[in-house]
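Input: a single structure, listed below in structure tokens.
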Amino acid sequence: MKHLAIVVLTITLFGCASGQLDLYNANGKKVGECTAGYDWHPYGVKDSVDWLLNWCAQQAIAQGMEVVRVSEPAILQKDYSYPKPTAADYWTKKSSKAAFHANIITETEYGYILADIENQFYLRNVDAQKQFEQGEISEEDYRQLLEKSALIFYGD
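Residues -19 to -1, 1 to 137 in mature numbering (1 follows the signal peptide of the UniProt record, and there is no 0) are what the sequence shown lists, from first letter to last.
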């Protein structure tokens, strides 16, 4: 029974991470927060969390939120760049996994790439849903946008 509990705990924790970044104004008042979490993301998971927290904070600043301090400054100080894919115009989940396992990209770069493409996937789908709900596109157009988004995300 003890071994079963250890196996279950290990499976539960494998590839899971989350984080939070609090945003503060010049008066020290918390004006926002960014949260990120990933499950079943076995490689580069902490890097993915940091990438998303940084993206969120940068978006808040770009949208005019007065942010002069964050709870974890190191997150905003990292270089989140990663190489462009050599075989296609953009990374997919499939191509980034292959590049990581072939040692073409590092685990950190893999984490950044996954966070970026997952975030783009989410944003494309939210935008498509918004267009559909507002009557800007038909149900068929909506389905096609979701299919295209999935193809861009997963690869062929």
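Yeah, the Cβ is synthetic: ideal placement off N, Cα and C, and Gly gets one too. Quick caveat, the model's predicted, so the values are computed rather than measured.
On the CB-based measure, 16 or more other CB atoms within 10 Å of its CB, does residue i come out buried or exposed?
{"i": "S76", "result": "buried"}
{"i": "Y135", "result": "exposed"}
{"i": "H22", "result": "buried"}
{"i": "H69", "result": "In the sequence as presented, His is not what sits at residue 69; that position holds Ala. The residue in question, A69, is exposed, as its Cβ has fewer than 16 Cβ neighbours within 10 Å."}
{"i": "A55", "result": "exposed"}
{"i": "A80", "result": "buried"}
Cα-Cα, which of the options is closest to residue i?
{"i": "A17", "options": "Y5, Q101, A(-3)", "result": "A(-3)"}
{"i": "Y24", "options": "K78, D70, Q112", "result": "K78"}
{"i": "K27", "options": "Q58, Y91, K10", "result": "Y91"}
{"i": "V30", "options": "D137, G45, T89, S119", "result": "T89"}
{"i": "Y71", "options": "E121, I98, I118", "result": "I98"}
{"i": "N100", "options": "I118, P54, T73, A80", "result": "T73"}
{"i": "M46", "options": "I118, P54, K10", "result": "K10"}
{"i": "N8", "options": "D20, L126, R50, S119", "result": "R50"}
Looking only at its own chain, which residues have a Cβ that is under 8 Å from the Cβ of residue i, when we skip the five neighbours before and after it?
{"i": "S130", "result": "F102, R105, N106, A109"}
{"i": "V48", "result": "L4, Y5, N6, V12, G13, A38, A41, I42"}
Suppose the cutoff is 6 Å on Cβ atoms and the five residues either side in sequence are ignored; what does the same chain contact list for residue i look like?
{"i": "F113", "result": "Y123"}
{"i": "L33", "result": "A17, A96"}
{"i": "C15", "result": "L2, L34, C37, A38"}
{"i": "D20", "result": "C(-4)"}
According to DSSP, which residues form a beta bridge with residue i?
{"i": "K11", "result": "Y5"}
{"i": "T16", "result": "Q1"}
{"i": "R105", "result": "Answer by DSSP bridge pairing: none, since R105 is not bridged."}
{"i": "R124", "result": "Note: R124 sits in no beta bridge, so no partner."}
Excluding sequence positions up to five away, which residues of its chain have a Cβ less than 7 Å from the Cβ of residue i?
{"i": "Y61", "result": "W32, N35, Y93"}
{"i": "S52", "result": "L2, D3"}
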